[in-house]
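Visitor: Sharing a structure here in structure tokens format.
Protein chains: 2
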Amino acid sequence: MSKFWSEVTKHTEPYVPGEQPQSTSIIKLNTNENPYPPSPKVLKAIKQLVNGDLRLYPSPTAADLKLTAAKYFGVNEKQVFVGNGSDEVLAFSFLGFFNPGEEIFFPDITYSFYPVYANLYGLNYREVPLAEDFTIPVEQFFNSPGGVIFPNPNAPTGLALSLDQVEQILQHNREKVVIVDEAYIDFGGESATALIPKYENLLVIQTLSKSRSLAGMRIGLALGNEQLIEGLERIKNSFNSYTLDRLALVAGKAAIEDVNYFNETREKIINTRERVAKELKDLSFHVLESKTNFLFIRHGTVPSQLIYEKLKEQGIYIRYFNKNRIDQFVRVTIGTDEEMDTFIKAIKQIIGK
Amino acid sequence: MSKFWSEVTKHTEPYVPGEQPQSTSIIKLNTNENPYPPSPKVLKAIKQLVNGDLRLYPSPTAADLKLTAAKYFGVNEKQVFVGNGSDEVLAFSFLGFFNPGEEIFFPDITYSFYPVYANLYGLNYREVPLAEDFTIPVEQFFNSPGGVIFPNPNAPTGLALSLDQVEQILQHNREKVVIVDEAYIDFGGESATALIPKYENLLVIQTLSKSRSLAGMRIGLALGNEQLIEGLERIKNSFNSYTLDRLALVAGKAAIEDVNYFNETREKIINTRERVAKELKDLSFHVLESKTNFLFIRHGTVPSQLIYEKLKEQGIYIRYFNKNRIDQFVRVTIGTDEEMDTFIKAIKQIIGK
């Protein structure tokens with residue numbers, strides 16, 4: 023604590039990301055990265071721009087990237103916002119659409135950055151308890167005084183709401199912004215982008231970190247009606263004129279354009295997930311039905327923390343949350359088939375099978 | 023205006039950056055970019071990292087880049103903060119050290135993003151008038167109730183304070199943070215980094231955009247005592263875990279390490295600046311004494327707006343501020359010698375010499 027800190031700084035409770043060990047010999051299943059490299063077309067596009075022009079500012083409007091995203095999502099470019107990872111887009115959205123004193127709703131078990139943003143901006147929030155089976159209780163999100171945010175699929179549970187359920191939440195919050203955080207949508211969920219023409223209070227946030235293998239380049243985006251996007255632009259242009267560097271802009275564009283590669287890799291991950299889920303069930307694990315690139319699992323008898331620690335000793339990193347209601351679970355990112363074989367082998371040893 | 027905007031969004035007055043025309047045939051002297059490319063070592067370092075590892079998150083702590091900067095500046099790595107351009111570092115600093123209701127001081131003619139940040143966070147501010155000769159009146163910055171921020175050298179004037187003058191401001195604001203924004207320090211000013219061991223209230227902000235030719239990669243940094251840096255980390259970790267992508271991290275490191283290239287290019291720019299300043303004076307321009315990579319100039323009889331417009335017609339972009347007290351000036355970034363020859367030739371035509 024320092025006397026020079028502002029009141030905001032004193033009261034922040036910063037987010038703690040998953041461990042990022044630098045060793046290349048570990049199997050990294052702890053931060054939901056994609057096990058496959060970015061599209062070769064992405065790497066080629068970046069390389070072409072590594073030249074003297076890096077002395078020049080990037081486009082402050084990111085018009086090219088927005089246009090590409092707009093085409094892909096079937097909206098116009100004024101319905102697209104881009105930012106420095108979906109974390110930045112989320113941070114701008116909390117500031118841009120929510121007001122102190124007007125309670126916002128999000129699930130009690132969810133992306134743990136939400137309460138951090140709320141604290142940063144002095145927002146009141148209600149952490150709506152998930153149902154016993156960890157599903158989002160849709161009715162509990164109706165009529166929020168300040169707005170709603172939830173991930174779909176949710177993290178770390180991996181469970182998805184149907185489009186109908188998302189629409190119910192939108193219908194019952196007509197006067198407030200509903201943010202659907204679709205970081206993991208491409209692994210099996212139904213995107214709410216289809217509802218954008220119908221709901222002016224809908225903001226959909228996505229990222230290229232997961233399904234497009236670009237966590238290292240920090241590219242996030244928001245989709246919604248033009249007024250919401252204009253609101254985000256106002257916040258962004260009051261914060262940093264150029265949030266994406268020249269290489270991130272071109273990487274994002276190339277990644278969205280290479281639809282074949284995207285489909286190929288995400289299908290591989292989905293197939294691996296289903297196969298591993300089945301194997302874990304056969305090993306007496308309770309496995310939540312995942313629509314993401316990770317599994318949220320609990321063994322019948324062996325404690326999760328023990329599994330986490332034993333795996334770590336063997337150089338396999340997964341994520342354990344020491345938090346009420348979920349401390350009996352671990353979250354396991356879907357890696358390559360080879361990585362998951364090693365993981366399953368290690369798990370068998372730990373649980374004594 | 024949208025009913026979905028927060029009060030903050032409704033009241034923002036976003037910053038407007040200089041034009042970023044995409045044509046490559048223009049001579050771009052309007053946004054203070056470096057006319058020389060980044061060091062070849064920087065381009066090489068980036069290229070080496072354009073590979074499959076871009077699927078992985080960058081280091082959330084940016085430890086390597088911080089260590090490199092710490093060595094260069096002669097501080098320890100806990101005295102270094104890095105961000106997505108110095109604009110982001112400034113945005114975090116306004117939120118991290120200044121409180122609503124406690125008036126902060128900055129010059130009336132200065133980087134026009136400062137009032138934008140202040141509005142974004144609901145801060146009160148006093149725009150302290152520059153003296154008649156556009157110098158910063160040091161005593162007017164004493165005993166600020168909320169803190170102080172000023173660029174040194176100042177922009178768009180280009181004038182620098184001496185280290186003694188900066189120290190006076192620090193001495194008379196012991197209980198509040200004084201931010202010295204040194205975006206242009208490498209072109210002739212005296213850096214306040216030398217004062218960090220002596221003043222715990224000093225935060226120095228620099229950027230790699232100007233003197234290290236990396237505007238396209240968005241790398242800014244802050245230097246100060248450990249408590250101030252910890253405050254910035256708290257804000258950053260409440261906003262975005264990974265603010266610099268993998269390529270920016272390595273570009274920054276390589277750029278700071280290549281001291282020879284840095285010295286060579288900045289000396290070229292300083293030499294060109296001095297030569298052009300003399301030529302402009304010979305053409306009846308009033309030229310402020312610049313310690314930056316730009317000149318702030320006013321002609322004896324020809325209006326600045328006219329000069330700006332006529333140059334633009336010829337594909338030469340400079341910056342004109344339609345603002346009280348400085349609307350008789352234009353700001354001209356120092357380009358290559360060839361670019362400045364073309365500029366001077368065009369100027370001669372416009373003023374009829």
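Chains A and B, in that order, are what the protein sequence lines are. Under the working numbering, read the first sequence as residues 23 to 375, first letter to last. Under the working numbering, read the second sequence as residues 23 to 375, first letter to last. Note that CB positions come from ideal geometry on N, CA and C, so glycine has one too.
1) Quick one: any contact between the stretch 47–66 of chain A and the stretch 212–224 of chain B, if contact means 3 or more CB pairs under 8 Å?
2) In chain A, what lies closer than 9 Å to B/R148 by C-beta?
3) For B/G253, which residues of its own chain have a beta-carbon under 8 Å away from its beta-carbon, when the five flanking residues on both sides are left out?
4) In whole angstroms, what separates the C-alpha of A/Y58 from that of A/K290?
5) Determine, using beta carbons only, whether B/I215 and B/P173 come nearer to each other than 8 Å.
6) What residue from A/H321, A/K313, A/H33 has the CA that sits closest to A/E301's CA?
7) Where does the unbroken beta strand (DSSP E) through A/D203 begin, and where does it stop?
8) For chain B, is any of its Cβ atoms less than 8 Å away from the one on A/I348?
9) In angstroms with no decimal places, state the Cα-to-Cα distance between B/F105 and B/D86.
10) Whose CA, out of B/N344, B/R256, B/K367, lies closest to the CA of B/L305?
11) Note down, in chain order, all residues in the stretch 39–54 of chain A with a beta-carbon under 7 Å from any beta-carbon belonging to chain E.
12) Whose C-alpha, out of A/F318, A/N315, A/I369, is nearest the C-alpha of A/L333?
13) At which residues does the alpha helix (DSSP H) containing A/T90 begin and terminate?
14) Just the chain A side, please: which residues come within less than 9 Å of B/Q249 by C-beta, in chain order?
15) Cβ closer than 7 Å: which chain A residues qualify as neighbours of B/A237?
16) Measure the beta-carbon distance from B/P82 to A/P39 and round it to whole angstroms, keeping in mind my assumption that it falls under 8 Å.
17) I'd like the span of the alpha helix (DSSP H) that includes B/H308, first residue to last.
18) So if DSSP puts B/Y147 in a beta bridge, which residue, or which two residues, is it bridged to?
19) Opposite B/P173 in the DSSP bridges: which residues?
20) My output table needs one value for B/I292: the three-state DSSP class, helix, strand or coil.
21) Mark A/R268 as exposed unless 16 or more other C-beta atoms lie within 10 angstroms of its C-beta, in which case mark it buried.
22) Return the first residue and the last residue of the alpha helix (DSSP H) that A/I372 is part of.
23) Exposed or buried, A/Q101, counting other C-beta atoms within 10 Å across all chains shown (16 or more means buried)?
24) Mapping the DSSP letters down to three states, classify A/V104 as helix, strand or coil.
25) Identify, in the order they occur along the chain, each residue of the same chain with its Cβ nearer than 7 Å to the Cβ of B/Y136, setting aside the five sequence neighbours on each side.
26) Is A/I257 close to chain B? Criterion is C-beta to C-beta, closer than 8 Å.
27) Answer yes or no: do B/F114 and B/I257 have a C-beta to C-beta separation smaller than 8 Å?
28) Against chain B, which members of the stretch 58–72 of chain A pass a CB distance test of less than 8 Å?
29) Kindly indicate which three-state DSSP category A/A153 falls into: helix, strand or coil?
Guide: Quick look at the numbers:
1) no
2) B/R148 does not reach chain A, its nearest Cβ partner there being about 18 Å away, counting only Cβ pairs nearer than 9 Å.
3) Within the same chain, Cβ atoms closer than 8 Å to the Cβ of B/G253 are found at G118, F119, the five residues on either side in sequence being excluded.
4) Distance between the alpha carbons of A/Y58 and A/K290 is about 9 Å.
5) Going by the sequence as given, residue 215 of chain B is Thr instead of Ile. No. Outside cutoff.
6) With distances taken between Cα atoms, A/E301 lies closest to A/H321.
7) 200–203
8) no
9) Checking the displayed sequence, the identity of residue 105 of chain B turns out to be Gly instead of Phe. Going from the Cα of B/G105 to the Cα of B/D86 covers about 14 Å.
10) B/K367
11) The structure shown contains no chain E; the protein chains it does contain are A and B.
12) When only C-alpha atoms are compared, the closest one is A/I369.
13) From DSSP, the alpha helix (DSSP H) with A/T90 extends over 85–95.
14) For B/Q249, the chain A residues whose C-beta falls within less than 9 Å of its own C-beta are M23, S24, K25, F26, W27, listed in chain order.
15) R77, L78, Y79
16) 5 Å
17) Note, B/H308: premise wrong, no alpha helix (DSSP H); beta strand (DSSP E) at 307–309.
18) B/I126
19) B/D203
20) helix
21) By the neighbour-count criterion, in which 16 or more other beta carbons inside 10 Å mark a residue as buried, A/R268 falls on the buried side.
22) 359–373
23) buried
24) In the structure shown, A/V104 sits in a strand (DSSP, three-state: E or B).
25) F128, I171
26) yes
27) yes
28) Here the close residues are Y58, P59, P60, V64, L65, I68, K69, V72.
29) Under the three-state reduction of DSSP, A/A153 is assigned to coil, being neither helix nor strand.
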